[in-house]
Each structure stands twice: as structure tokens, then as C-alpha cells.
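S.K.: This is the structure I have questions about; it appears just below.
Numbering (UniProt numbering), first residue to last: 1 to 107.
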């Protein structure tokens with residue numbers, strides 16, 4: 001239940017600001033303040049559940065258009081670890097693609 005979060009649910013709160021270039025706040029899928037971690041590694045937020053089920057390996061990330069180059073992702077394999085959430089007034093359901101990792105296990 002959303003009562004777990006108290007007055008602030010990071011999986012509901014969208015990231016925004018004039019510094020935000022990607023995703024495009026008008027055309028793109030909004031991103032959120034929440035995150036999922038496995039062994040200290042932050043996951044990438046998927047645009048939707050379908051993308052979560054079949055993540056695509058990414059080798060370059062977002063960069064501001066006026067630089068005229070793409071930013072390399074240092075560990076592209078990490079882009080396969082993704083999460084998304086469905087939030088409504090009663091509950092927040094968080095989905096994650098852990099690949100071969102097992103959440104809650106030691107090591």
C-alpha cells in the first residue's frame with residue numbers, strides 16, 4: 001500500500017527541470033525519483049513493462065544535442081537491468097528485471 005511511503009512516494013514523483021534534456025518532457029516518457037538497486041548497482045528505468053521484459057543493450061546514453069557527440073555508457077551490460085512501476089492512489093507496484101541476479105540473496 002502507498003501508506004508505506006508516507007507523504008512522499010518517489011516512484012510517483014517525476015524528475016523535471018529546465019536542465020532536463022532527455023527524456024524530452026513533452027514527447028518522452030517521464031522518469032521518476034525512485035530507483036531499484038541490486039548489489040549497489042542502480043537499475044535503469046524502463047519506459048514501459050514491455051521494454052522491461054525485453055531490454056535492449058545500450059552503448060551510448062543521453063547527451064545534450066549541441067555537443068554533436070554521443071556519450072559512451074561505461075558498462076553497457078548494466079543497461080539490461082531495468083525497472084518500472086505502476087502507481088495509483090492505493091498502491092505502488094514495482095517491477096524489475098534482475099537478469100540472473102537474485103534479490104535478497106547474499107553475495
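Think of the CB as a built atom: it goes at the ideal place given N, C-alpha and C, for glycine as much as any other residue.
Note that the structure is a prediction, hence the values are computed from the model and not measured.
#1: I need the straight-line Cα distance from residue 79 to residue 3, nearest angstrom please.
#2: Which residues bound the beta strand (DSSP E) around residue 51?
#3: Assign residue 2 to one of three DSSP states: helix, strand, or coil.
#4: Under a Cβ-count criterion, where at least 16 other Cβ atoms within 10 Å of its own Cβ denotes burial, should residue 83 be classed as buried or exposed?
#5: When the Cα of residue 15 is compared with those of 9, 32, 1, which residue comes out closest?
#6: What's the gap between the Cα of residue 1 and the Cα of residue 77?
#7: Where residue 101 and residue 38 are concerned, what is the direct C-alpha to C-alpha distance, given to the nearest angstrom?
M.R.: So, from the data block:
#1: 31 Å
#2: Counting along the chain, residue 51 sits inside no beta strand (DSSP E); it lies in the alpha helix (DSSP H) bounded by residues 49–53.
#3: helix
#4: buried
#5: Checked all of 9, 32, 1; the closest Cα to residue 15 is 32.
#6: 33 Å
#7: 8 Å
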